[in-house]
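The structure appears below as structure tokens.
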Amino acid sequence: MKKEHASFNPYDNNGGTCVAIAGADYCVIAADTRMSSGYNILTRDYSKVCKLADKCLLASSGFQADVKALQKVLGARHLIYQHQHNKQMSCPAMAQLLSNTLYYKRFFPYYAFNVLGGLDDEGKGVVYTYDAVGSYEKVGYSSQGSGSTLIMPFLDNQLKSPSPLLLPPQDAVTPLSEAEAVDLVKTTFVSAAERDIYTGDKLEIVILNADGIRREYMDLRKD
Amino acid sequence: MELNHEQQTQFGPQADSQRTLYPYVTGTSVVALKYKDGILMAADMGASYGSTLRYKSVERMKAVGKHSLLGASGEISDFQELLRSLDELILYDNMWDDGNSLGPKELHNYLTRVMYNRRNKFDPFWNSLVLGGVKNGEKYLGMVTMLGVNFEDNHVATGFGNHLARPILRDGWHEDLSYEDGVKLLEKCMRVLLYRDRSAVNKLQIAKITEEGVTVSQPYSLKTFWGFSAFQNPTVGAEGSW
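Protein chains in written order, with our numbering: chain A, 256 to 478; chain B, 927 to 1168.
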């Protein structure tokens, strides 16, 4: 018999692109502020970057409702951690927590594509990149979301990170200065907004270094 | 294994019938915007049963508590059920008698959790909700979809309104819109929707919320013009057509 109605789909893809770059003494985390659904733009000013701890920032794209739920869980778990240990969670610890939180819903996943950026205990930049079910890897730079297919190869070409297969292992942080990294992020997003309809409106760049957190904004294509 | 009553209703043969698998009676677009003193919202009063215009006097905007206004498109029964539970929430909140009350920000957040929770149960409220309000001099306007997707903006529109009204709003909206200009802008949107959205009807309400409270207007209709020559005999010039 022919199906009369489309069955309920619990997921939506609200698009968006996230990028993070780790440097020797900084970390740059960026995402566009467009939120879409299908061919509609729902809003042009929605921040995808979430501060999880003092030295830990999460940029997420995918299904906004899941992303929000994920941020709430991580926020609650971090509050418990603070009460138990009387300190902020480190970025590597948050990275593992995020992986476990995603895998906990392995069979009804959070449709969220995350890049976690921050500073480690030595103040060195770190970036962790994820899939929706919790697989993760520590890298020097990464991109996730609808524009990642356009941005990632460009980043590979520009940053030429040492192969993770090298022995002894090489440091993954990029050789760029902070200002160069911010410029590179701006360039990638201008390019992504040109070809990806889910990326645009505005770019939010969050820079984390020894001085603290700084935010920069840049306009992107609005069409 | 024997199933007890609760398990039976959850997994038994009636399980399917307890979920909104698709909407039955639906309302179309809601359009809302921030203006100088608060929020203005517009919605027509039609409710469709598929493509049948089943009801023509359905209120799709209601005050919730003292500081908020809720508008909905989508399944009408789900909206009315939601209003009942919201009334209960407000009542229980009021019973603390501590002088605190839920504001639009709190209610919007509550609604996002309700909608997301129901989608997680695969038993969604089939609505797009618009929540506007003013509390302590702060204007608030947000939206929630049936999946729990939510955001705030200076102007929002559900369904067809997202396609047809939002471009008009982006063009005509500014921060200190007066009440008269706000209503004019909403009517411009509703007129376009009336012409182009087949499930829209020419009987609408405009609701206003300010620091003073909520007022939902009496139903009224917009002036339309159907006399374009192309409307008179659309088949003229279309050779080979009947």
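The C-beta atom is built at its ideal place from N, Cα and C for all residues, glycine as well. None of these values were measured; they are calculated from a predicted model.
Exercise. Of all the CB atoms in chain A, is at least one closer than 8 Å to the CB of B/Gly-938?
Worked result: Note on B/Gly-938: pLDDT 48, under 50, position unreliable in the model; the coordinate value appears next. Output row for B/Gly-938: interface = no.
For this session: Specify whether the stretch 951-970 of chain B and the stretch 1120-1139 of chain B touch according to this definition: at least 3 beta carbon pairs, one from each stretch, less than 8 Å apart.
Result: When C-beta atoms of the stretch 951-970 of chain B are compared with those of the stretch 1120-1139 of chain B, three or more pairs fall below 8 Å, so the two segments count as touching.
Problem set entry | Identity of the residues DSSP links to A/Glu-392 by a beta bridge | Answer is A/Thr-384, bridged to A/Glu-392.
Problem set entry | Cβ of A/Met-290 within 8 Å of any chain B Cβ | Closer than 8 Å: yes.
For this session: Check whether the Cβ of B/Gly-1074 lies closer than 8 Å to any Cβ atom in chain E.
Result: In summary, chain E is missing from the structure at hand, where the protein chains are A and B.
Problem set entry | Residue-chain proximity (B/Asp-1123, chain A), Cβ-Cβ < 8 Å | No, its Cβ sits nowhere closer than 8 Å to a Cβ of chain A.
For this session: Rounded to whole angstroms, what's the CA-CA distance from A/Thr-443 to B/Ala-968? Just pull it up for me.
Result: If you take the alpha carbons of A/Thr-443 and B/Ala-968, they lie about 41 Å apart.
Problem set entry | N-terminal and C-terminal residue of the beta strand (DSSP E) that B/Ala-973 is part of | Per DSSP, B/Ala-973 belongs to the beta strand (DSSP E) from 973-975.
Exercise. Do you know whose CA, among B/Phe-1154, B/Gln-1144, B/Lys-1065, B/Ser-1125, lies nearest B/Ser-977's CA?
Worked result: Checking every option, the nearest Cα to that of B/Ser-977 belongs to B/Ser-1125.
Problem set entry | Contacting residues, own chain, Cβ-Cβ under 7 Å from A/Lys-342 (five flanking each side not counted) | None.
For this session: Determine the chain A residues that contact B/Tyr-1042 at a beta-carbon separation under 8 Å, and present them in chain order.
Result: Near B/Tyr-1042 (Cβ distances below 8 Å), the residues of chain A are Ala-320, Lys-323, Ala-324.
For this session: Taking C-beta pairs closer than 9 Å, name the residues in chain B that A/Pro-265 reaches, listed in chain order.
Result: Chain B residues near A/Pro-265: Arg-1045, Asn-1046, Phe-1048, Pro-1050, Leu-1073.
Exercise. Considering only residues of the same chain and omitting the five flanking positions on each side of B/His-1081, which have a CB-CB separation below 6 Å?
Worked result: Contacts found: Leu-959, Leu-1095, Trp-1099.
For this session: For chain A, find out if any of its Cβ atoms is closer than 8 Å to the Cβ of B/Val-1162; answer yes or no.
Result: Closer than 8 Å: no.
For this session: Give the straight-line distance between the Cα atoms of A/Met-479 and A/Gly-380, rounded to the nearest whole angstrom.
Result: Absent from the model: residue 479 of chain A. The displayed extent of chain A is 256 to 478, so no value can be given.
For this session: Throw me the rounded Cβ distance for the A/Val-370 and A/Ala-314 pair, which I believe falls under 8 Å.
Result: For A/Val-370 against A/Ala-314, the beta-carbon gap comes to about 5 Å, under 8 Å, which counts as contact.
Problem set entry | Per-residue burial, B/Asn-1076 [other beta carbons within 10 Å of its own, 16 or more giving buried] | Buried.
Exercise. Any Cβ of chain A within less than 8 Å of the Cβ of B/Asn-1053?
Worked result: For B/Asn-1053, the answer is no, since every Cβ of chain A falls outside 8 Å of its Cβ.
Exercise. How about B/Leu-947: is its C-beta nearer than 8 Å to some C-beta of chain A?
Worked result: Contact of B/Leu-947 with chain A is assigned, a C-beta pair being separated by under 8 Å.
For this session: Under 8 Å Cβ to Cβ from A/Met-407, same chain only, skipping five residues before and after it: list those, please.
Result: Cβ within range, chain order: Ser-397, Ser-398.
For this session: Assign B/His-993 to one of two classes, buried (16 or more other C-beta atoms within 10 Å of its C-beta) or exposed (fewer than that).
Result: Counting the other Cβ atoms within 10 Å of the Cβ of B/His-993 gives 16 or more, which makes it buried.
Problem set entry | 8 Å Cβ shell around A/Gln-337 - same chain, five flanking residues per side excluded | Only Gln-343, Met-344 meet the Cβ criterion.
Exercise. Per DSSP, what kind of secondary structure is B/Asn-1062 in: helix, strand or coil?
Worked result: Of the three classes helix, strand and coil, the one that applies to B/Asn-1062 here is coil, per DSSP.
Exercise. Are the C-beta atoms of B/Asn-1088 and some chain A residue less than 8 Å apart?
Worked result: Taking Cβ atoms only, chain A reaches closer than 8 Å to B/Asn-1088, which makes this a yes.
For this session: Taking A/Asn-412 as the query, report the chain B residues whose CB atoms sit under 7 Å from its CB, ordered along the chain.
Result: Near A/Asn-412 there are no residues of chain B at all, since even the closest Cβ is about 35 Å away, more than 7 Å.
Exercise. Does the beta carbon of A/Ser-302 sit closer than 8 Å to a beta carbon anywhere in chain B?
Worked result: A/Ser-302 does not count as touching chain B.
For this session: Kindly indicate which three-state DSSP category A/Ser-354 falls into: helix, strand or coil?
Result: Here A/Ser-354 sits in helix by DSSP.
Exercise. Helix or strand or just coil, what does DSSP make of A/Phe-444?
Worked result: Three-state result, A/Phe-444: helix.
Exercise. How many angstroms separate the CA atom of A/Ala-286 from the CA atom of A/Lys-477?
Worked result: Between A/Ala-286 and A/Lys-477, the alpha-carbon positions lie close to 15 Å from each other.
Exercise. Along the chain, which unbroken stretches of the beta strand (DSSP E) at least 3 residues long are found entirely within the stretch 1111-1145 of chain B?
Worked result: Runs found: 1130-1136, 1139-1142.
Exercise. Whose Cβ in chain A lies nearer than 8 Å to the Cβ of B/Phe-1077?
Worked result: Here the neighbours are Met-290, Leu-297, Thr-298, Tyr-301, Gln-319.
Problem set entry | Within-8 Å CB hit, A/Ser-262 to chain B | At a cut-off of 8 Å between beta carbons, A/Ser-262 contacts chain B.
For this session: Grab me the residues of A/Tyr-453's own chain with a C-beta within less than 6 Å of its C-beta, minus the 5 sequence neighbours each way, in chain order.
Result: Around A/Tyr-453: Gly-270, Ser-291, Ser-401.
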